[in-house]
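Participant:
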Amino acid sequence: MISSEIKRIIEAFQIMDELMEQLEKFPLTSKEREECKARFGKIQCSIAKNKNGEFFAYTHRSRTKFYPSIAALPKDKVRFVSSTS
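Once you know that position 49 of the sequence shown is 71 in this note's numbering, the rest is easy, because the numbers rise by one and skip nothing.
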């Protein structure tokens with residue numbers, strides 16, 4: 023029989039695995055890159071999408087939440103993340 027403490031540890035690892043899967047980055051298509059340039063101009067952060075097709079801006083210090091489209095990414099959030107580069 024597995025103790026309750028071991029069960030909690032296993033659950034914690036499962037949650038971490040799910041979070042790591044969400045953070046996987048997939049490259050943008052050329053059309054999506056052009057849309058980013060048109061919407062945000064010159065920025066000092068990267069924009070990518072996760073396996074669910076949700077977009078986010080990130081640097082090595084920060085990232086935004088996930089959004090369903092590039093148009094849904096708030097400009098002020100992208101500027102803030104860009105400022106952390």
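Where a beta carbon is used, it is the ideal one built from N, C-alpha and C, also for glycine. Computed from a predicted structure; not experimentally measured.
Take the Cβ of Ile92 as the centre, count every other Cβ of all protein chains shown within 10 Å, and call the residue buried at 16 or more, exposed below.
Facilitator: Label assigned to Ile92: buried.
Participant: Quickly, what does DSSP pair Lys87 with across the bridge? List them, please.
Facilitator: DSSP, once it has assigned bridges, lists no residue as partnering Lys87.
Participant: Candidates Asn72, Arg61, Asn74: which alpha carbon is nearest Lys99's?
Facilitator: Restricting attention to Asn72, Arg61, Asn74, the CA atom closest to the CA of Lys99 is found in Arg61.
Participant: For Lys47, which of Phe77, Ile65, Gln36, Phe35 has the nearest alpha-carbon?
Facilitator: Phe77
Participant: Who are the near neighbours of Lys97 in its chain, counting only those whose CB is closer than 8 angstroms to its CB and skipping five residues on each side?
Facilitator: Arg61, Phe62
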